[in-house]
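Working notes, beginning with the structure itself.
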Amino acid sequence: MIKILLILTLLFTHSLRAAEINHATGFGLQYAGVLGYRISTKNNDHRFRGALGLIGVSVGYDYFLSPQWSLGATYTETVRTVYSVNINYTLPQNEGITFGVDFGHIPSDKASGSGFTYIKGNSKNIMFFSVGYEF
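Be aware that the sequence shown starts at 0, since it is given in numbering that gives the first Met the number 0, and climbs by one per residue.
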């Protein structure tokens, strides 16, 4: 949890000088799980974001290929840790609504070992949808 807050602080203080701050709400990994609030900064084609949700927190980065399409990555800490990459589409007629697909990996919570030993537990790959409204 402290790592995420440190990353959020560094990201926002670095990009605040020439960026606009956006607020959004939605659900999905990009919004910290079930339902969450996202704050982001956008500078040219780059967006740094952080979210606080009902069951977790997340930080992420998006690169805009066009005004409607973006690719990114997200680190979400909920009941389990999730690393994901995402693709997003913003509706052209209403720029506030965004749809996203996240392809993620949940590492094992039982993995342990050091050096040359590693015991692999129950890790999973997931696909999750995100929907949000930016205001």
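Beta carbons are placed, not taken as given, at the ideal position from N, Cα and C, and that holds for glycine.
(message) Assuming contact is defined by CB atoms lying nearer than 8 Å, are Thr73 and Gly55 in contact in what I supplied?
(response) No, the pair does not count as a contact, with Cβ atoms beyond the cut-off.
(request) Pull up the distance between the alpha-carbon of Gly27 and that of Ile20, whole angstroms please. (result) Rounded to the nearest angstrom, the two C-alpha atoms are 20 Å apart.
(request) Counting only runs of 3+ residues fully inside the segment 70-98, write out the beta strand (DSSP E) ranges in chain order. (result) Assignment of beta strand (DSSP E) within the segment 70-98, counting only whole runs of 3 or more residues, yields 80-89 in chain order.
(request) Given a cut-off of 8 Å, decide if Gly52 and Gly71 are closer than it, judged by their beta-carbon atoms. (result) Contact: no.
(request) Compare the beta carbon distance of Gly103 and Tyr82 with 8 Å and say whether it is the shorter of the two. (result) In this structure, Tyr82 lies closer than 8 Å to Gly103 by Cβ.
(message) By DSSP's criteria, Trp60 is part of a beta bridge. Which residues make up the other side?
(response) The identity of residue 60 in the sequence shown is Tyr, whereas the question assumes Trp. Per DSSP, Phe47, Ala72.
(message) Between which two residues does the beta strand (DSSP E) holding Ile38 run?
(response) Looking at the DSSP string, the run of the beta strand (DSSP E) that includes Ile38 is 32-42.
(request) Starting from Phe134, trace the beta strand (DSSP E) both ways and give me its first and last residue. (result) Unbroken run through Phe134: none, as it is neither H nor E.
(message) Using CA atoms only, rank isn't needed, just tell me which of Thr77, Thr89, Ile38, Thr80 is closest to Val130.
(response) Of the listed residues, the one whose Cα sits closest to Val130 is Thr89.
(request) With 8 Å as the threshold, decide whether the Cβ of Trp68 is near any Cβ in chain D. (result) Considering every chain present, this structure includes no chain D. It has just one protein chain.
(request) Take Ser122 and list the residues in its own chain whose beta-carbon comes closer than 8 Å to its own, dropping the five residues that flank it on each side. (result) Closer than 8 Å at the Cβ level, and outside the excluded window around Ser122, lie His104, Ile105, Pro106, Ser107, Ala110.
(request) Express the C-alpha separation of Arg37 and His45 in angstroms, rounding to a whole number. (result) Their Cα atoms are separated by approximately 16 Å.
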